[in-house]
Amino acid sequence: MVAIPVPTEPRALAVAHGAIEEAAPSAIVSLIRTTRFIWPYQGPVSSYFGPGHPLGIDIEIKPGREFPIIASGAGTVEFAGGEACCEYGFYVVLGHSNGITTLYAHLSSFAVTVGQEVGQGDVIGYSGLTGKSTGPHLHFEISKDGSLLDPLRFLPAAYDLAGRQESTACTASASVLAPDSLAVMRFAPEFMPGLALKSATLIPESTGTNLEVHDNRPKGALTISFEEPAPKVARGGVIDRALVLQFANQDFETELNCKFVTPMNVTLANPPTFREELKRLPTPTPVRNRPVSTATPVPTATPRTLYSVLTPPKPTATPGKPATVTRNNAPASNTKPSAGASTPRPTPKRFG
Ligand SMILES: [Zn+2]
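According to the numbering used here, the stretch in the sequence shown is residues -4 to 347, in order.
(1) Helix, strand or coil for GLU73? Go by DSSP, reduced to three states.
(2) Using the Cα positions of GLY123 and LYS57, report the straight-line distance between them to the nearest angstrom.
(3) Please classify THR166 as buried or exposed, where buried requires at least 16 other C-beta atoms within 10 Å of its C-beta.
(4) Determine contact between the segment 190 to 209 and the segment 38 to 55, defined as no fewer than three beta-carbon pairs at a distance below 8 Å.
(5) Based on Cα-Cα distance, which residue from ASN244, SER103 and LYS139 lies nearest to VAL118?
(6) Alpha carbon to alpha carbon, what distance is there between ILE137 and LEU143?
(7) Give the secondary structure of ILE64 by DSSP, where H, G and I count as helix, E and B as strand, and everything else as coil.
(8) Does the distance from the CB of SER162 to the CB of THR29 come in under 8 Å?
(9) Leaving out five residues before and five after MET187 in sequence, what residues of the same chain have Cβ atoms less than 6 Å from its Cβ?
(10) Could you check the C-alpha separation between THR71 and VAL88 for me, to the nearest Å?
(11) What is the DSSP secondary structure of GLY114, reduced to helix, strand or coil?
(12) Would you mind stating whether GLU61 and THR96 have Cβ atoms separated by less than 8 Å?
(13) From VAL239 to PHE255, what distance separates their C-alpha atoms?
(14) Just tell me which of VAL208, THR125 and PHE32 has its CA closest to the CA of ALA79.
(15) Using C-beta distances below 6 Å, list every residue in its chain close to PHE105, excluding the 5 sequence neighbours before and after it, in chain order.
(16) In angstroms with no decimal places, state the Cα-to-Cα distance between TYR86 and MET180.
(17) Less than 7 Å separating the Cβ of SER42 from some heavy atom of ligand 1?
(18) For a test of the three-state rule: what should DSSP assign to ARG181, helix, strand or coil?
(19) Helix, strand or coil: which one does DSSP assign to PRO224?
(20) Got a sec, what are the start and stop residues for the beta strand (DSSP E) LEU124 sits in?
(21) When you compare only the Cα positions, how much space is there between PRO46 and TRP34?
(22) Report the rounded CA-to-CA distance for VAL113 versus TYR99, giving the unit in angstroms.
(23) Check the DSSP bridge columns for LYS139 and list the partner residues they point to.
(24) Can you tell me which of GLU55, ASN252, PRO184 and ASN93 puts its alpha carbon nearest to the alpha carbon of ASP210?
(25) Buried or exposed for LYS227, please, with buried defined as at least 16 other CB atoms from any protein chain shown within 10 angstroms of its CB.
(26) In terms of alpha-carbon separation, which member of THR218, ILE198, LYS214 and GLY116 lies closest to GLU207?
(27) Taking the C-alpha atoms as reference points, what is the distance between ILE65 and HIS132?
(28) Should ASP145 be listed as close to ligand 1, given that the test is whether its C-beta is under 7 Å from any heavy atom?
Structure representation (structure tokens):
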């Protein structure tokens, strides 16, 4: 069972009961964040995805010994093999949901075999210098349906974001969300007693964030979850977001604004400075202590309002060049290596 922190905030309750109307309501909630992909090795980026390194990113590995390389996401081992002399060297390909694959190159040895199911964080092999590699690094790729994508669109900005549960002051400070992640918030059963949840809205709005609301108060928790999608480009600042919850009874309405921020492309080589770059959202006018007109029907269903990624700054890539690069001679997406270490992959264009 998940321990729920003390949830209620005296001012909110006071507002709810009509006693005062000064401060905006606040709440302490349990927040669990999980990311679809995590860093396969904790090191700085030595090569970024782009024209000079079109297949993926390189993650620098400390010299001196072989380090475990972990599965970035849960999936199935589609390939584990290669040739020590050339190209990727020894490498592993994992298949994930939604047509996404990840590739881990220049390994010294394997910890998995083809067909094996792996969980996020499971060791799949050990770092090395096989293939075309001038120094110890992990070459890491993410592709979807055969098209290579910038892995930094999918990786969290810091190591500690994956699977972490924390208590957060919903309105006092912004909680950091990773790209391509799921946030689950749990409010305790006694939160906002006597007030029904009338709406839950993510601002800014868009599609695809799968906002889910389950209000089981007062017998159970109020649980709200939503997905943070991968941004369209990795470089581009910060997404600033609010989850606006409106509670009401016959006499009063009150509103709770939980704040979130998603830094994009804050790499391990370039530590976050996002707090200085925050773009504040236009804050909706708080509704406090305002009688709800009985003539206005209150919607019974919770609106599912979604958000859009803010328009990022101009991409650094040369105009006209595609954002994704397809591996040369790539097999049809439904073609998988049929055997283990002896099955070579088609020759990619670059292997650094
Ligand atoms: Zn590389």
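A virtual CB, placed ideally from N, CA and C, is assigned to each residue, including glycine.
Per the coordinate set shown:
(1) strand
(2) The alpha-carbon atoms of GLY123 and LYS57 are separated by roughly 10 Å.
(3) buried
(4) Fewer than three beta-carbon pairs drawn from the segment 190 to 209 and the segment 38 to 55 are found closer than 8 Å, and the two stretches are therefore not classed as touching.
(5) Closest by alpha carbon: SER103.
(6) Their Cα atoms are separated by approximately 6 Å.
(7) Looking at ILE64 - three-state DSSP - the assignment turns out to be strand.
(8) no
(9) Here the set comprises PHE242.
(10) 9 Å
(11) coil
(12) no
(13) Roughly 11 Å separates the two Cα atoms.
(14) Nearest C-alpha to ALA79 among VAL208, THR125 and PHE32: THR125.
(15) ALA75 and GLY120
(16) 38 Å
(17) yes
(18) Strand at ARG181.
(19) Coil.
(20) Here LEU124 belongs to no beta strand (DSSP E), and DSSP marks it neither H nor E.
(21) Rounded to the nearest angstrom, the two C-alpha atoms are 22 Å apart.
(22) 14 Å
(23) Per DSSP, ILE95 and SER142.
(24) The shortest C-alpha to C-alpha distance from ASP210 to any of GLU55, ASN252, PRO184 and ASN93 is the one to PRO184.
(25) exposed
(26) THR218
(27) 14 Å
(28) no
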